[in-house]
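Novice:
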Amino acid sequence: MISFSDLQLGELLHDDIFGLFEAMSAIEMMDPKMDAGMMCNRGKKVLNFDQAAGALKLNNLTMEELVGIMDSMLACLVTWLEGHSAAQTILTCLYLHKPLSIEDRALRAFSIQTLKLIAIINNVVHRVHFSAGVFEEEDFQPALYGYGVCSEVSEVRAGGMMREVEEELQRAVKATRNRQGEPWDPKMQKQASDVQHEDAVALFSRIRFMRLFYAALAAIMRREPVSIPEAERCLASCNELVCIMQNTIGRGLKPKQAKDEEGNKVDYPVIMGFEPLVNQRLLPPTFPRYTRLRTRKEAMNYLEEMVARLRHITKITHCTSFHSALEFIENFSETRPCVLSRSLAQVLYLGGEKLWGGQAMAEALREAARGFICPPALLPKAPVMNNTQARDYVDSFFNRCVRPFEQLVQTCGHNRARQRDKVAHLLEEFAMLQDEADKVDAYLHNVLLKSDQPRPHLAYLGTWVLYHTLRLMIKYLLTGFTLELYAVHEYHYVYWYLYEFVYVWLVSALSRADAMLLEQDGYDTNRGGKSGRSSKNKNRNRKKHRPYGKEITYNQALQHLCGGYYKAMLGLREAGKVKLPLQEFDSEQVRYEHRFLPFSVVMTPPPVHYDQFLSMTDLSNFSQPVSPATLFHDARNHFFKARSLLETIHAPSTEVQQLLKVVKTNFVVMKLLEGGHKADDPTRPQFDFTTHPCFPIIKI
Amino acid sequence: MREAPLRRVLLEDLPSLLACHTVPAQSADLAPVHGARARTAHTHAHVMEKRPAGEGGGEGGVAADLREKLTLRAGVVNGMKIGTTDAEVHVPALKCRPPAPPAPPVPPVPEEQCSESSQESKSDLNGAVCNGHTVSEATSSGSIAVSDTFSLASERSSDSSQSLCGARPRTRHTSGGSQGTQSTPAHDLSSASDSLVTPEICISPVPPAVAVDDLVVEYINYENELQMSAIMRLIQKDLSEPYSIYTYRYFIHNWPKLCFLVRSPKVVVPLVFYLCQMGRPEEAVSNGEVVGAIVCKLDVHKKVTVRGYIAMLAVDHRFRKRKIGSNLVQRAIRAMASDDADEVVLETEITNKPALRLYENLGFVRDKRLFRYYLNGVDALRLKLWLR
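If you're matching them up, the sequences are chains A and B in order. Everything in the first sequence is counted per UniProt numbering, starting at 1 for the first residue and increasing by one. Everything in the second sequence is counted per UniProt numbering, starting at 1 for the first residue and increasing by one.
#1: Checking contacts by CB at 7 Å: is residue 581 of chain A closer than that to chain B?
#2: Can you give me the start and stop residues for the beta strand (DSSP E) that residue 366 of chain B sits inside?
#3: Short check: CB of residue 459 of chain A to CB of residue 557 of chain A, under 7 Å?
#4: Relative to the C-alpha of residue 19 of chain A, which candidate in B:343, B:339, B:253 has its C-alpha closest?
#5: Note the first and the last residue of the continuous alpha helix (DSSP H) segment covering residue 482 of chain A.
#6: Would you call residue 95 of chain A buried or exposed, if buried means 16 or more other Cβ atoms sit within 10 Å of its Cβ?
#7: In terms of alpha-carbon separation, which member of A:673, A:547, A:602 lies closest to residue 573 of chain A?
#8: Indicate whether at least one CB of chain A lies closer than 7 Å to the CB of residue 362 of chain B.
#9: Return yes when the C-beta of residue 379 of chain B is under 6 Å from any heavy atom of the ligand HEM, and no when it is not.
#10: Three-state secondary structure (DSSP) at residue 505 of chain A?
#11: Could you confirm whether any beta carbon from chain A is found closer than 7 Å to the beta carbon of residue 143 of chain B?
#12: In chain order, what residues of the same chain have a beta carbon less than 7 Å from the beta carbon of residue 461 of chain A, not counting five sequence neighbours either side?
#13: Among A:62, A:57, A:107, which has the Cα closest to the Cα of residue 73 of chain A?
#14: Residues of chain B with a CB under 9 Å from the CB of residue 24 of chain A: which are they?
#15: Near residue 658 of chain A, which residues of its chain fall below 7 Å by C-beta distance, leaving aside the five closest residues on each side in sequence?
#16: Can you check the region 308–337 of chain A for any alpha helix (DSSP H) of at least 4 residues that lies completely inside it and give the ranges in chain order?
#17: Does the distance from the CB of residue 200 of chain A to the CB of residue 169 of chain A come in under 7 Å?
#18: Is the CB of residue 594 of chain A under 7 Å away from at least one CB in chain B?
#19: Quick one: what does DSSP say residue 686 of chain A is sitting in, helix, strand or coil?
#20: Pick from B:356, B:235, B:362: whose alpha carbon is nearest that of residue 485 of chain A?
#21: Nearest-angstrom Cα distance between residue 457 of chain A and residue 521 of chain A?
#22: For the region 506–521 of chain A against the region 548–555 of chain A, do three or more pairs of beta-carbon atoms, one drawn from each stretch, fall closer than 8 Å, so that the two count as touching?
#23: Applying the 10 Å Cβ sphere with the 16-neighbour rule, what's the burial state of residue 243 of chain A?
#24: Give the single residue among A:339, A:653, A:250 whose Cα lies nearest to the Cα of residue 411 of chain A.
#25: For a contact meaning CB atoms closer than 8 Å, what does residue 370 of chain B contact in chain A?
#26: Name the chain B residues whose beta carbon is nearer than 9 Å to that of residue 425 of chain A?
#27: Less than 7 Å between C-beta atoms, sequence neighbours within five positions excluded: which residues of the same chain meet that for residue 436 of chain B?
#28: Which residue marks the beginning of the beta strand (DSSP E) containing residue 679 of chain A, and which one marks its end?
#29: Measuring only between beta-carbons, confirm whether residue 345 of chain B sits less than 7 Å from chain A.
#30: Using the C-alpha atoms, what's the distance from residue 612 of chain A back to residue 377 of chain B?
#31: Run through DSSP, which three-state label would residue 374 of chain B get?
#32: What is the DSSP secondary structure of residue 301 of chain A, reduced to helix, strand or coil?
#33: Could you give the DSSP three-state label for residue 15 of chain A: helix, strand or coil?
#34: In the DSSP output, what is residue 312 of chain B paired with across the bridge?
#35: Using a Cβ-Cβ distance cut-off of 7 Å, determine whether residue 483 of chain A contacts chain B.
#36: What span of residues does the alpha helix (DSSP H) with residue 436 of chain A cover, start to end?
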């Protein structure tokens, strides 16, 4: 052992096992900023359920108290659902520690039901599709710190208790309302009976909401065809009940405001039954982590939105194909949903062994590929399927597809920040899948050419996989915008990549699929003509004209939009209106290579290297010297083309309308820039992403 | 005395004025005006205001004397050029008064300093300022050359320590702090000349030599444990999450070469004295105080990349907007690069626009968004600079 005097100034004994984690977790004891235990030693004493015995009313609670306690519980629940620790939110409610000791029937039933709700939510979020949940530590904290969820009472019994209380309250509601034989009128002077009635309504709505909300979750989790309409009914009622609850927040007991700001920061005003610091010692011994609870009003609004989200996700059961389900989940993810609804969507669709609708994933994917491009080998009764080896190949290909496509669906269930990382990994999977698809295509091609009805089988499955790969690439690049990851001086190469490659490839993949489907239709018509069903088929043929027409137009428009941005950014750079980083450490090449690094594993489309980027974008390639004005002119043309394409889309979606607004504005801005407007103004242009998260309006 | 409350407000922000000026004023109502312009304008305003009161004798003279120094100091913050412009601008007004004999320092003095005063009073102040600005320009533009010599003379004679300070750091300026000021003047100067509408003022030849560099800070490497408490004090002031001393030691003892500090200059005594007089000793910068620090580490990440990590960066609020942070980061990056770092990373709140700007200007890229990374629920961004 070295003694103190042996050390020089600044020398420290340092054990190897004392790393960053230990250093960061170390606290200075007694420092209230760090020592979590110190929080409990200041101010008033923190009581648990047993210690609070006298002060905690277990019976004869007033209506006001009941409503207040329930609303506070809901506020805690909502805060927990937003990713905070249960110890600092829902478990600060002492009533939930020993619900069976509560004598008041309404509060007891409500407390038990709340615990059951916590359990089922944990179950939903935690257990989505076996082990792979769609939550991360920042989304959700399932730990309950050893508190039980009242397993003594079965779920059925808990529901029964709620129903009993509910019926009782319903009688009270009716009794108070019907006394005067007329509907309750808020404008009338409040009589004792009105107050009673209002209280009864407030309490009744909360009890009923809790019961139905739980029932809805339970029904969804059952994943049976009959349980979904049941869940929808429950949620519809919940929706109405939340409105009543929102209107009756005022009936609840409110916490007294603390007299002054002294004491602990955590010591926010609470009502009976809530003890913010009761679990403080259960938390890790690092500094205290304050959790600001949602207000009751915020909590009610959250519940309202959550009910709406859950009602929306039950609609995934109407999706009949893999592609439509995938699109549903992708679109739902755009709305930045909460972890519970995200997880439920996954449970519903991916669920247990089979997808919703009872199909196995491999089967659904086979159907998806058939629907997408109609590979001859996948036609019903395709002769090639009599070839055992060909059949094996095809089967094993689709089995091979299961895992990546499952991951694809799951990726869309994660929070948006995590999705980007997962997309990068998925691209690797899809690159391997692409390889496999090409091999199977080649094999089938050979077999089919030798068959009695020779038909080519080139790049059918390959195109299908390519389509998904390209969409992933687009997603990867565009989420960079939605997550605000790109600096202005990076816009040009991102948009360039999209414009020159990704969208071009996507349009060509779609065009091929389009052509193949039409060709297949042609085969069908020919054969149909022989059997005398030509008129029927002609109708269908006309209707199915260019099945991907809309999608192709849309993507072509986006391609031009990106082209417009690329040219605009180039013009702005040339005009000196883009601030570039200091030279010393910055290298555009290094930035470029890292930004597109996930694409390097993909063989189709091949990655575009930086030197290619340089040679393709070198302005000296042009015959005449390029001025910013010519670049703005080009940009304007691109925006114009994008606009004319978007305008041909029939029944435009909200997104298309947003894009139209963007292209129209940018068109005008480019015109101004081209005319030299503000050419000498050194202020830099602004990029306004409020209209569309990926395609900004340029402001000068 | 309508002036009194105004003055108080103004004085309150003296330090922030000293600290931040290279970038246009942060507050909304000052936004259209450049920081430099606001400051010079104030100078005029208060000179105008003072004139009737100060006519009488000693008080005004002292005021002038002290103000002069303080203005110089304030100007200095921006680098040489600004300092001199400032001097030019405010001195003419001064000149109209006969230099008074030095008197004991009295409080009612250098309010003209403060441009970025606290929010509410700012708007009406600005009104006054504009008037003052134009008027004083009108009265003063005639005799600038004279006033300059006057100011220099008075500078030298009135306080020898002042000129000493001026002379000494100059050498330092070229060596250590040069980056700190080099990039700013170009920007600042243009706006300053913008603000000074009368061309005579801008072109007047002013020797930039005097007392200009006295706020040049000194960049040093971490030396020993004795600096630890100063570092902790500085960083804890700004960080929401308290770190224990072990966290600091973990970084600094393991990678002492990656810890850089900024020391405040040997400071003008009168200012310290003045602030102490005003009962605001905490704003005075004592000699060689640590006013900026960067704490980093460098180790192998996932067994392949040598990853530098910027753990903490803090600059005393009185010294912000002077590129000190950027210089510290650059020093740290250079040190890491010379130790074969492949990349440098750090995390910052998505709402911390100044930090994001600082790092982006150095070529950092926003690599990832970290959802609800901080305890307050704010998202973070992982910034990364690839060195190869």
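Backbone N, C-alpha and C fix where the C-beta goes; we use that ideal spot for every residue, glycine too. If you're wondering where the values come from, they're calculated on a predicted model, not measured in any experiment.
Specialist: Concretely, from the data shown:
#1: Here residue 581 of chain A refers to the residue found at position 581 of the first sequence. So, interface residue.
#2: Taking the first residue of the second sequence as 1, we reach residue 366 of chain B at position 366. First-last of the beta strand (DSSP E) with residue 366 of chain B: 365–370.
#3: Reading the first sequence from its first residue, position 459 is the one you call residue 459 of chain A. Reading the first sequence from its first residue, position 557 is the one you call residue 557 of chain A. In this structure, the beta-carbon distance from residue 459 of chain A to residue 557 of chain A does not fall below 7 Å.
#4: Translated into the one-based positions of the first sequence, residue 19 of chain A becomes position 19. Closest in C-alpha terms to residue 19 of chain A, from the list B:343, B:339, B:253, comes B:253.
#5: Within the first sequence, residue 482 of chain A is the residue found at index 482, counting from 1. Per DSSP, the continuous alpha helix (DSSP H) segment holding residue 482 of chain A begins and ends at 460–482.
#6: Counting from 1 along the first sequence, the entry for residue 95 of chain A is found at position 95. Counting Cβ neighbours within 10 Å, residue 95 of chain A comes out buried, since at least 16 surround it.
#7: On the first sequence, position 573 is the one that residue 573 of chain A refers to. Nearest of A:673, A:547, A:602 to residue 573 of chain A, Cα basis: A:673.
#8: Taking the first residue of the second sequence as 1, we reach residue 362 of chain B at position 362. Judged by the 7 Å Cβ criterion, residue 362 of chain B is in contact with chain A.
#9: This structure lacks the ligand HEM; in fact it carries no ligand of any kind.
#10: Position 505 of the first sequence, counted from the start, is the residue given in the question as residue 505 of chain A. The DSSP-derived three-state label of residue 505 of chain A is helix.
#11: Mapped onto the second sequence, residue 143 of chain B falls at position 143. Here the model assigns residue 143 of chain B a pLDDT of 34, short of 50, so the residue's position is not dependable, and the following value carries that caveat. With 7 Å as the cut-off, residue 143 of chain B does not count as an interface residue toward chain A.
#12: Taking the first sequence and counting its residues from 1, the one referred to as residue 461 of chain A is at position 461. The answer, listed in chain order, is 369, 375, 397, 437, 440, 441.
#13: One-based indexing of the first sequence puts residue 73 of chain A at position 73. By alpha-carbon distance to residue 73 of chain A, the top candidate from A:62, A:57, A:107 is A:107.
#14: In the first sequence, the residue the question calls residue 24 of chain A occupies position 24. Going along chain B in sequence order, the residues near residue 24 of chain A (Cβ under 9 Å) are 243, 244, 246, 247, 250.
#15: The residue you call residue 658 of chain A lines up with position 658 of the first sequence. For residue 658 of chain A, where only same-chain residues beyond five positions count, the Cβ hits under 7 Å are 691, 692.
#16: Taking only runs of at least 4 residues, the alpha helix (DSSP H) segments lying wholly in the region 308–337 of chain A are 322–334.
#17: Taking the first sequence and counting its residues from 1, the one referred to as residue 200 of chain A is at position 200. Taking the first sequence and counting its residues from 1, the one referred to as residue 169 of chain A is at position 169. By the CB criterion at 7 Å, residue 200 of chain A and residue 169 of chain A fall inside the cutoff.
#18: For the purposes of this step, residue 594 of chain A is taken as residue 594 along the first sequence, with counting starting at 1. Yes, because at least one Cβ of chain B sits closer than 7 Å to the Cβ of residue 594 of chain A.
#19: Indexing the first sequence from 1 puts residue 686 of chain A at position 686. Reduced to three states, the DSSP call for residue 686 of chain A is strand.
#20: What you label residue 485 of chain A is simply residue 485 of the first sequence in a count that begins at 1. Taking only the C-alpha atoms, the option nearest residue 485 of chain A is B:356.
#21: On the first sequence, residue 457 of chain A is found 457 positions in, with the first residue counted as 1. On the first sequence, residue 521 of chain A is found 521 positions in, with the first residue counted as 1. Across the structure, residue 457 of chain A and residue 521 of chain A are spaced so that their CA atoms are roughly 16 Å apart.
#22: Taking 8 Å as the limit for Cβ pairs, the verdict is that the region 548–555 of chain A does touch the region 506–521 of chain A.
#23: Here residue 243 of chain A refers to the residue found at position 243 when the first sequence is read from its first residue. Residue 243 of chain A comes out exposed.
#24: Locating residue 411 of chain A in the first sequence gives position 411, counting from the first residue. Distances from the CA of residue 411 of chain A to each of A:339, A:653, A:250 were compared; the closest alpha carbon is that of A:339.
#25: Numbered from its first residue, the second sequence carries residue 370 of chain B at position 370. Going along chain A in sequence order, the residues near residue 370 of chain B (Cβ under 8 Å) are 138, 417.
#26: Reading the first sequence from its first residue, position 425 is the one you call residue 425 of chain A. Ordered by position in chain B, no residue passes the 9 Å Cβ test against residue 425 of chain A, which lies about 14 Å from the chain.
#27: Because chain B here runs from 1 to 388, residue 436 of chain B falls outside it and cannot be looked at.
#28: For the purposes of this step, residue 679 of chain A is taken as the residue at position 679 of the first sequence. First-last for residue 679 of chain A: undefined, no H or E at that position.
#29: The sequence position of residue 345 of chain B within the second sequence is 345, counting from 1. Put simply, the CB of residue 345 of chain B is far from chain A, with every gap to its CB atoms at 7 Å or more.
#30: Indexing the second sequence from 1 puts residue 377 of chain B at position 377. Indexing the first sequence from 1 puts residue 612 of chain A at position 612. Cα-Cα distance, rounded: 42 Å.
#31: For the purposes of this step, residue 374 of chain B is taken as residue 374 along the second sequence, with counting starting at 1. Residue state for residue 374 of chain B is assigned as coil, using DSSP reduced to three classes.
#32: As a working mapping, residue 301 of chain A is identified with position 301 in the first sequence. Helix, per DSSP.
#33: Counting from 1 along the first sequence, the entry for residue 15 of chain A is found at position 15. In the structure shown, residue 15 of chain A sits in coil (DSSP, three-state: anything other than H, G, I, E or B).
#34: Position 312 of the second sequence holds residue 312 of chain B. The bridge partners DSSP lists for residue 312 of chain B are B:295.
#35: Translated into positions along the first sequence, residue 483 of chain A becomes position 483. Answer yes: the Cβ-Cβ gap between residue 483 of chain A and chain B drops below 7 Å somewhere.
#36: Here residue 436 of chain A is taken as the residue at index 436 of the first sequence, counted from 1. For residue 436 of chain A, the enclosing alpha helix (DSSP H) starts and ends at 416–450.
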